[in-house]
Structures are given as C-alpha cells and as structure tokens.
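To keep things clear, I will list the structure first and then write my remarks on it.
Residue numbers (the numbering used here): 18 to 113.
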C-alpha cells in the first residue's frame with residue numbers, strides 16, 4: 018500500500034495484460050471505420066471507459082502505452098514471456 022498511514026486510500030486494482038490488450042484492440046477497431054479525428058478519439062475513449070468501468074484517464078494511458086509497446090516491439094526484440102516479467106506478474110494478483 019503506497020500510503021499506509023491513510024486507511025481511506027484505496028488504489029484501483031492492477032489490470033491484467035489481457036484486459037489492457039482488449040481495451041486497445043477495441044479502440045483500434047472502433048477508430049478504423051471513423052478515422053483519426055480528435056472528436057472520434059475522445060468519444061471512443063469515453064465509450065471504453067464506460068464499458069470497462071475505469072476512468073477516462075486510465076483508458077487513455079492504456080491506449081498510449083500499448084501504442085508505445087507495439088512501436089518498441091517493431092524496433093527491438095522483446096518477449097512478454099521473459100523471466101523477469103513473469104516474476105513481476107506473480108507478485109500481483111491480476112484478474113483475467
């Protein structure tokens with residue numbers, strides 16, 4: 018817990034990579050027929066926020082980080098099954 022002296026602080030639980038990927042894939046699918054205009058982006062983000070019950074800022078962060086992850090994978094050899102990442106995932110309980 019980041020603030021042990023504040024018992025009222027309840028951080029949101031971490032999201033699994035499956036959920037993050039689902040959010041990103043739905044974002045991409047929703048924008049493909051519409052285009053990349055800013056109003057479509059904000060409408061799609063708001064819709065995903067409502068569907069998954071998480072904040073708009075969190076959905077925006079997930080989409081942005083997934084874009085960065087895909088760019089990184091194109092440039093570098095990266096495996097999501099590395100031992101370090103598996104060890105980190107075992108430390109947190111993440112829903113599927």
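Ideal Cβ positions, reconstructed from N, Cα and C, are used throughout, including at glycine.
These numbers come from a predicted model, not from an experiment.
Asked                                                                                                                                                                                           : Found
In the DSSP assignment, the alpha helix (DSSP H) including residue 62 goes from what residue to what residue?                                                                                   : 55 to 69
So, under 8 Å CB-CB, residue 73 and residue 63 are touching, yes? Tell me the CB distance rounded to an integer number of Å.                                                                    : 6 Å
Where do the ends of the alpha helix (DSSP H) carrying residue 87 lie?                                                                                                                          : 73 to 92
Could you give the DSSP three-state label for residue 33: helix, strand or coil?                                                                                                                : coil
Rounded to the nearest angstrom, what separates residue 20 and residue 50 at their Cα positions?                                                                                                : 44 Å
Identify, in the order they occur along the chain, each residue of the same chain with its Cβ nearer than 8 Å to the Cβ of residue 48, setting aside the five sequence neighbours on each side. : 57, 58 and 61
How long is the line joining the alpha carbons of residue 67 and residue 41, rounded to whole angstroms?                                                                                        : 14 Å
Report the residue from 92, 91, 93 and 86 whose alpha carbon sits nearest the alpha carbon of residue 34.                                                                                       : 86
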